[in-house]
Ligand SMILES: NC(=O)c1ccc[n+]([C@@H]2O[C@H](COP(=O)([O-])OP(=O)(O)OC[C@H]3O[C@@H](n4cnc5c(N)ncnc54)[C@H](O)[C@@H]3O)[C@@H](O)[C@H]2O)c1
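In our numbering, the protein residues as written are 10 to 370.
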């Protein structure tokens with residue numbers, strides 16, 4: 010029988026657009042996994058219908074007591090937020106960033122995985138072992154929300170906006186230690202720091218100083234520092250040099266989309282927003298957004314959402330179950346069950362069914 014200690018309370022926030030489709034798919038796969046886990050774990054779901062439709066009804070992206078309610082869950086399974094008609098900065102800050110920032114989910118882990126059966130635009134991907142992970146500083150930097158718009162009184166054409174990046178020694182140090190600790194658990198012990206200190210002589214120079222200092226505490230891990238523009242080129246031309254890539258909020262946001270595109274599709278990319286101290290629940294979500302262009306048509310690739318569920322299981326202390334999910338993903342793509350953006354004809358539901366079948370074989 011199931012032990013109560015292995016039952017986890019999960020808050021599901023599908024959000025908008027394809028978020029709803031991929032979270033429904035992910036839940037189906039997770040429930041099938043739990044059902045076939047011989048009582049290893051169970052998931053107790055609660056659904057929260059927050060997002061742009063909720064905003065249209067209430068003027069808020071989430072309930073006023075939303076954070077208070079969420080804080081007692083073991084984890085949050087999140088889809089995507091954003092829909093035409095609601096400004097993107099309103100929807101993002103009102104829900105996803107509100108959760109990430111208030112729950113101090115300061116480490117955003119975004120693995121770049123190359124799957125069998127998925128064609129990469131990288132020429133050498135087929136005969137090179139490629140596997141790296143982007144570690145994104147998720148609490149400050151360029152997305153600290155510091156700045157303002159002013160001088161409106163000057164009239165049309167005279168407005169001024171300031172958007173300031175905030176780098177703190179504490180913020181830099183904790184994400185870099187996280188990256189080095191992660192590198193120690195990988196086959197290739199290497200951390201590459203992404204910087205732009207040649208042009209940004211304050212925040213990014215502090216970032217570099219902290220990286221050098223932290224690197225000294227990890228003599229067994231190789232460390233290098235690469236300018237963000239050069240790193241963009243390196244993702245394409247020398248990806249075999251990468252293992253853990255640690256970057257600021259904005260840099261990692263852009264680079265991880267590049268990484269997932271190189272692996273074949275944004276729809277494949279998984280991510281974890283972690284509060285490593287576990288003072289608050291962590292949040293697991295596909296990297297992609299709400300994809301209004303394909304929403305509601307059964308075309309969304311659920312693999313990114315299912316990969317995010319695997320990261321959630323690892324965080325909940327169920328690495329064996331996470332491995333089962335990864336194996337099901339690989340079996341599904343290797344069998345050629347692919348959604349349209351990968352050149353296939355499978356629907357979201359076809360892929361979901363194939364994943365569940367793969368779990369049970
Ligand atoms: N974490 C988040 O909630 C998040 C992240 C990014 C963008 N957004 C929001 O999403 C909305 C749309 O933004 P966008 O178009 O720049 O990015 P997007 O990620 O939604 O879409 C980019 C492209 O990728 C495709 N795509 C995305 N997910 C896919 C999937 N699962 N399967 C197949 N194809 C997929 C889309 O069809 C589109 O062509 C905006 O409102 C934006 O603010 C939210």
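Heads up, the beta-carbon is just placed ideally off N, CA and C, and yes, glycines get one too.
Hey, quick one: how far does the alpha helix (DSSP H) through residue 184 stretch, first residue to last? The count along the chain shown starts at 1 and reaches residue 184 at position 175. Residue 184 -> alpha helix (DSSP H) spans 178–193.
Can residue 230 be considered in contact with ligand 1, in the sense that its beta carbon sits closer than 7 Å to one or more heavy atoms? As a first step, residue 230 is located in the chain shown; it is residue number 221 there, counting from the start. Checking the Cβ of residue 230 against ligand 1 gives no.
Integer Cβ distance of residue 319 from residue 335, believed to fall under 8 Å: For the purposes of this step, residue 319 is taken as the residue at position 310 of the chain shown. For the purposes of this step, residue 335 is taken as the residue at position 326 of the chain shown. About 6 Å; that satisfies the 8 Å criterion.
In terms of residues, what are the limits of the alpha helix (DSSP H) holding residue 51? As a working note, residue 51 is residue 42 in the chain shown. Element bounds for residue 51: not the alpha helix (DSSP H) but the beta strand (DSSP E), 51–56.
Considering only residues of the same chain and omitting the five flanking positions on each side of residue 126, which have a CB-CB separation below 6 Å? If you number the chain shown from 1, residue 126 lands on position 117. Cβ contact annotation for residue 126 (same chain, cutoff 6 Å, sequence separation greater than five): 342, 343 and 345, in chain order.
Mind checking whether the beta-carbon of residue 27 lies closer than 7 Å to any heavy atom of ligand 1? For this step, residue 27 is matched to residue 18 along the chain shown. Correct: residue 27 has its Cβ closer than 7 Å to ligand 1.
Please indicate yes or no: does the CB of residue 317 lie closer than 7 Å to some heavy atom of ligand 1? For the purposes of this step, residue 317 is taken as the residue at position 308 of the chain shown. Residue 317: no, Cβ never under 7 Å from ligand 1.
What runs of the alpha helix (DSSP H), each 4 residues or longer, lie entirely inside the region 314–367? 328–343
For a test of the three-state rule: what should DSSP assign to residue 303, helix, strand or coil? Counted from its first residue, the chain shown places residue 303 at position 294. In this structure, residue 303 counts as coil in the three-state DSSP scheme.
Going by DSSP, name the residue or residues bridged to residue 95. Translated into positions along the chain shown, residue 95 becomes position 86. According to DSSP, residue 95 bridges with nothing at all.
Are there any heavy atoms of ligand 1 lying less than 7 Å away from the beta-carbon of residue 302, as far as the coordinates show? Walking along the chain shown from the start, residue 302 turns up at place 293. Residue 302 Cβ: within cutoff of ligand 1.
If we ignore side chains and look at the alpha-carbon of each, how far apart do residue 277 and residue 157 end up? Indexing the chain shown from 1 puts residue 277 at position 268. Indexing the chain shown from 1 puts residue 157 at position 148. Taking the straight line joining both Cα atoms gives about 36 Å.
Please confirm if the region 143–155 is in contact with the region 102–119, defined as three or more CB-CB distances below 8 Å between the two stretches. yes
Give every residue of the same chain whose Cβ lies closer than 7 Å to the Cβ of residue 11, excluding the five residues on either side of it in the sequence, and list them in chain order. For the purposes of this step, residue 11 is identified with residue 2 of the chain shown, where counting begins at 1. Residue confidence is low: residue 11 scores 46 on pLDDT, short of 50, so the model does not pin down where it sits. Its coordinate-derived value is still stated next. Answer for residue 11: 48 and 51, listed in chain order.
Residue 213 by DSSP, collapsed to three states: which one? Counting from 1 along the chain shown, the entry for residue 213 is found at position 204. Taken through DSSP and simplified to helix, strand or coil, residue 213 comes out as helix.
Beta-carbon spacing of residue 19, residue 82 below 8 Å: To locate residue 19, count along the chain shown from 1; it is residue 10. To locate residue 82, count along the chain shown from 1; it is residue 73. Yes. Within cutoff.
Would you give the residue range spanned by the alpha helix (DSSP H) that residue 111 belongs to? Taking the first residue of the chain shown as 1, we reach residue 111 at position 102. Counting along the chain, the alpha helix (DSSP H) containing residue 111 begins and ends at 106–111.
Smallest Cα separation from residue 106: which of 218, 162, 123 and 154? Here residue 106 refers to the residue found at position 97 of the chain shown. Looking at the Cα atoms, 154 is the closest of the given residues.
Between the beta-carbon of residue 325 and the beta-carbon of residue 84, is there less than 8 Å? Translated into the one-based positions of the chain shown, residue 325 becomes position 316. Translated into the one-based positions of the chain shown, residue 84 becomes position 75. Yes, Cβ-Cβ distance for residue 325 and residue 84 is below 8 Å.
Residue 309 Cβ short of 7 Å to ligand 1 heavy atom set: Numbered from its first residue, the chain shown carries residue 309 at position 300. True, at least one ligand heavy atom lies under 7 Å from that Cβ.
Per DSSP, what kind of secondary structure is residue 25 in: helix, strand or coil? Indexing the chain shown from 1 puts residue 25 at position 16. Residue state, collapsed to three classes: coil.
Going by the CB atoms, is the gap between residue 235 and residue 191 shorter than 8 Å? Mapped onto the chain shown, residue 191 falls at position 182. Mapped onto the chain shown, residue 235 falls at position 226. At a Cβ-Cβ threshold of 8 Å, residue 191 and residue 235 do not count as neighbours.
Of all the options 322, 53 and 295, which has the alpha carbon lying nearest to the alpha carbon of residue 309? The residue you call residue 309 lines up with position 300 of the chain shown. Checking every option, the nearest Cα to that of residue 309 belongs to 295.
Going by DSSP in three states, residue 265 sits in which element: helix, strand or coil? In the chain shown, the residue the question calls residue 265 occupies position 256. Helix at residue 265.
Please decide whether residue 200 counts as near chain D, where near means a Cβ-Cβ distance under 8 Å. Judged by its chain identifiers, the structure shown contains no chain D, having just a single protein chain.
Distance, Cα to Cα, residue 213 vs residue 347? Counted from its first residue, the chain shown places residue 213 at position 204. Counted from its first residue, the chain shown places residue 347 at position 338. Rounded to whole angstroms, residue 213 to residue 347 spans 41 Å at the Cα level.
Given the structure, does residue 92 come close to ligand 1, in the sense that its CB is under 7 Å from one of the ligand's heavy atoms? Translated into the one-based positions of the chain shown, residue 92 becomes position 83. Under cutoff, so the answer is yes.
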